[in-house]
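Engineer: Before anything else, here's the structure in question.
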Amino acid sequence: MTVSLQPADSRFAVERATRENQALLFRMLQFYYFEATQWSGEDLLEDGLYECDPAGVASYCEPDGVDAAWLLKVDGHPAGVVLVELIPFEGGQIRELADLFVMPKYRGLGLAEAATRKIVPGHEGPWLLSVFRKDERALHYWQGAFTRLPFRSVQPGPHHELFHQFIINGDVPG
């Protein structure tokens, strides 16, 4: 499924990852994990890849799956990825904007914000957004985006040692 974005952003597309996209999704996640090592401290495995379970990647590509991956494209070229997961949280469940990654070449064009505007409103209830505490650039981005995006509310989430957490569009589920 392809979701067209705002007319001014006709160069952008957000496509729900399908089984045919598993290899591309796996490779895009390797780029994301490479960048995230600055904050995660993760090491390469012996095969030269970051830990990324192919079965886990496949689960994001199931059409009726609880979790989903979205491929971000600019002019038809892969430009980023968004992972959405339904996770246990505070005694209930919450949808998490688990990972959002835009390739460096495409940053600053508004792709992340446009994708967020399309993905988040498509689901009722609260969302969790976590940002690595050491990722000051991402934290700065989200603090600005919170004022521009049409969220009903943004609240600090519970304290987490590795992440700044935010609850979007609702209270912490009970």
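Count the sequence shown with this note's numbering and you get residues 75 to 248, in order.
C-beta atoms are modelled at their ideal positions from N, C-alpha and C, and glycine is treated no differently.
(1) Looking only at its own chain, which residues have a Cβ that is under 7 angstroms from the Cβ of arginine 207, when we skip the five neighbours before and after it?
(2) Label threonine 111 either buried or exposed according to how many other C-beta atoms from any shown protein chain fall within 10 Å of its C-beta, with 16 as the threshold for buried.
(3) Could you give the first and the last residue of the continuous beta strand (DSSP E) run that contains leucine 185?
(4) Rank Tyr134, Glu89, Ser204 by C-alpha distance to the C-alpha of alanine 172 and give the top, closest one.
(5) Give the list of continuous alpha helix (DSSP H) stretches no shorter than 4 residues that lie fully inside the segment 107-147.
(6) Check whether the Cβ atoms of aspartate 141 and valine 158 lie closer than 9 angstroms to each other.
(7) Do you know how far the Cα of alanine 188 is from the Cα of glutamate 35?
(8) Please report the Cβ distance between leucine 160 and alanine 91, rounded to the nearest whole angstrom; I am assuming they are in contact, meaning their Cβ atoms lie under 8 angstroms.
(9) Is it the case that the segment 99-108 contacts the segment 162-178, given that we only count it when at least three CB pairs across the two stretches are under 8 angstroms?
Structural biologist: Reading it off the structure:
(1) The residue given as residue 207 occupies position 133 in the sequence shown. Setting aside the 5 residues that flank it on each side, arginine 207 is surrounded in the same chain by Leu236, Phe237, His238, each with a C-beta closer than 7 angstroms to its C-beta; the list follows chain order.
(2) Taking the sequence shown and counting its residues from 1, the one referred to as residue 111 is at position 37. The residue in question, threonine 111, is exposed, as its Cβ has fewer than 16 Cβ neighbours within 10 Å.
(3) Residue 185 sits at position 111 when you count from the first residue of the sequence shown. Leucine 185 -> not in any beta strand (DSSP E); alpha helix (DSSP H) instead, spanning 185-193.
(4) As a first step, residue 172 must be located in the sequence shown, where it is residue number 98. Here the closest residue by C-alpha is Ser204.
(5) The segment 107-147 is shown to contain whole alpha helix (DSSP H) runs of 4 or more residues at 128-133, in chain order.
(6) As a first step, residue 141 must be located in the sequence shown, where it is residue number 67. As a first step, residue 158 must be located in the sequence shown, where it is residue number 84. Contact flag set, yes.
(7) Summary: the structure shown does not reach residue 35, with the chain confined to residues 75 through 248, and so no result is reported for it.
(8) Within the sequence shown, residue 160 is the residue found at index 86, counting from 1. Within the sequence shown, residue 91 is the residue found at index 17, counting from 1. That pair is no contact at about 16 angstroms.
(9) With a cut-off of 8 angstroms, the segment 99-108 and the segment 162-178 count as touching, because enough Cβ pairs lie within range.
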